[in-house]
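Colleague: Chains as they are written, first to last, in the working numbering: chain A, 144 to 314; chain B, 144 to 314.
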DNA sequence: ACTTTATGTCAGCCTTGTTGACTTTCCAAG
DNA sequence: CTTGGAAAGTCAACAAGGCTGACATAAAGT
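1) Around the Cβ of residue 264 of chain A, are there at least 16 other Cβ atoms within 10 angstroms (buried) or fewer (exposed)?
2) Under the assumption that residue 300 of chain A contacts residue 181 of chain B (Cβ atoms under 8 Å), give the Cβ distance between them as a whole number of angstroms.
3) Taking 7 Å as the CB-CB cut-off, is residue 226 of chain A touching chain B?
4) Restricting to Cα atoms, I'd like to know which of A:215, A:291, A:272, A:235 is closest to residue 279 of chain B.
5) Considering only C-alpha positions, which residue in the set B:203, B:288, B:276, B:190 is nearest to residue 258 of chain B?
6) In the structure shown, what three-state DSSP assignment does residue 231 of chain B receive?
7) Within 7 Å (strictly less), CB to CB, does residue 207 of chain B reach chain A?
8) Please classify residue 162 of chain B as buried or exposed, where buried requires at least 16 neighbouring CB atoms within 10 angstroms.
9) For residue 240 of chain A, I'd like the list of residues in its chain whose CB is within less than 8 Å of its CB, leaving aside the five on either flank, ordered along the chain.
10) Do residue 221 of chain A and residue 251 of chain A have their beta-carbon atoms positioned less than 7 Å apart in this structure?
11) To be precise: take each residue of the segment 189-221 of chain A, compare its Cβ to all Cβ atoms of chain B, and keep it if any distance is under 7 Å. Which residues remain?
12) In chain order, what residues of the same chain have a beta carbon less than 8 Å from the beta carbon of residue 205 of chain A, not counting five sequence neighbours either side?
13) Using CA atoms only, rank isn't needed, just tell me which of B:286, B:269, B:235, B:172 is closest to residue 159 of chain A.
14) Please list the terminal residues of the continuous alpha helix (DSSP H) segment that includes residue 288 of chain A.
15) Let me check one thing: in DSSP terms, what residues is residue 242 of chain A bridge-paired to?
16) What residues match up with residue 212 of chain B in a beta bridge as DSSP calls it?
17) Taking residue 170 of chain A as part of the alpha helix (DSSP H), name the residues at either end of that continuous run.
18) Please decide whether residue 290 of chain B counts as near chain A, where near means a Cβ-Cβ distance under 7 Å.
19) Please report the straight-line C-alpha distance between residue 306 of chain A and residue 254 of chain B, rounded to a whole angstrom.
20) In the DSSP assignment, find the unbroken alpha helix (DSSP H) run with residue 248 of chain B in it and report its ends.
21) Can you pull the chain A neighbours of residue 229 of chain B, defined as C-beta to C-beta under 9 Å?
22) Quick one: using the 10 Å Cβ neighbour count with 16 as the cut-off for buried, is residue 196 of chain A buried or exposed?
23) Give the C-beta separation of residue 297 of chain A and residue 184 of chain B to the nearest angstrom, bearing in mind that I take them to be a contact with Cβ-Cβ under 8 Å.
24) Please check the pair residue 186 of chain A and residue 268 of chain A, which I expect to be a contact at CB under 8 Å, by giving their CB distance rounded to whole angstroms.
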């Protein structure tokens with residue numbers, strides 16, 4: 144019920160706050176919706192050929208990013224139940240794309256790795272997705288990319304932000 | 144197979160193209176993934192209370208954006224089958240959130256409107272989503288917001304971009 | 001009169017999410 | 001050494017929301 148009627152035009156210090164109007168926010172919401180569709184479109188096509196879905200892509204992506212990650216760690220990144228993830232991982236292991244090694248320190252844990260075949264599919268999928276991202280970044284320019292990432296980071300839940308920031312070039 | 148080994152460091156005209164490295168692209172991909180989760184988290188919680196899902200939210204959003212829109216138009220925006228959309232619309236009409244009026248010029252068409260109850264839910268949902276978007280925009284600043292939108296627009300499929308650009312403040 | 005378009009609907013299938021219950025393995029504290 | 005609890009796997013059942021295919025109806029267009 145606060146600032147309803149769409150025109151916070153000027154802030155208290157006189158900056159233009161036009162970018163915070165209801166209409167601008169709606170535009171941002173729709174941008175997310177439409178862009179996410181594009182973002183997933185190319186991998187979805189490839190996955191379909193293999194009989195996999197987005198859930199498989201997500202698992203493959205994060206196993207590739209952090210080889211040897213445990214099931215539990217993957218669960219907290221993906222935010223699904225272990226039953227859901229297990230179904231996906233079982234398929235990937237059975238099909239020989241993922242290897243599940245019993246932990247050495249803690250033998251309850253399973254450490255996940257992509258096989259060569261898994262890496263090949265990962266490259267296929269992420270190259271398709273990167274191609275679109277690359278084109279978008281190039282057309283928009285480096286400053287836009289910085290803004291893109293700044294806004295997205297702010298949109299994440301804190302726990303997701305931690306996972307996101309984890310993924311820096313450290314291994 | 145083109146520019147594989149992650150370092151297109153400098154472009155032909157000498158600009159820094161560091162923002163186009165494989166790693167930067169992967170970061171962008173993960174930003175989209177994690178941010179989209181945050182983007183949908185708040186409405187998802189509200190929808191659950193009403194026994195609805197994201198599909199209902201999307202229908203409600205675009206009916207609100209363009210009152211009187213036809214089923215066909217909604218189909219092309221949402222990119223689902225009429226059977227899928229119909230299931231959702233039927234529920235919303237039965238529950239009295241959406242009104243479906245036979246067209247006057249073309250009586251085959253159904254024009255869709257939110258009822259007062261529908262508008263109330265729409266406000267609930269979009270206010271939750273806007274609150275997060277507003278915070279993200281405010282923390283990131285106007286220039287970042289411009290970049291955010293520029294990149295997302297580039298990421299859309301052309302048809303989706305048209306729908307996105309349609310939604311300018313003209314009604 | 002015939003064709004096309006817009007919509008609705010029925011039936012059935014798949015993926016991917018959920019909960020709940022149960023087992024096995026195994027580290028670690030008592 | 002025993003036991004509690006964490007990590008993992010598995011089974012069953014269910015729901016949302018995608019999909020395809022087939023078919024019905026009304027109205028518009030040719």
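Each residue gets a CB set at the ideal place from its N, CA and C atoms; glycine is no exception.
Modeller: Judging by the given coordinates:
1) buried
2) 5 Å
3) no
4) A:291
5) B:203
6) helix
7) no
8) buried
9) 203, 257, 258, 260, 261, 264
10) no
11) none
12) 212, 217, 220, 221
13) B:286
14) 285-298
15) A:256
16) B:255
17) 165-193
18) yes
19) 44 Å
20) No alpha helix (DSSP H) contains residue 248 of chain B, which DSSP labels as neither H nor E.
21) Simply none; closest approach about 20 Å.
22) exposed
23) The pair is not a contact, with the Cβ atoms about 14 Å apart (cut-off 8 Å).
24) 5 Å
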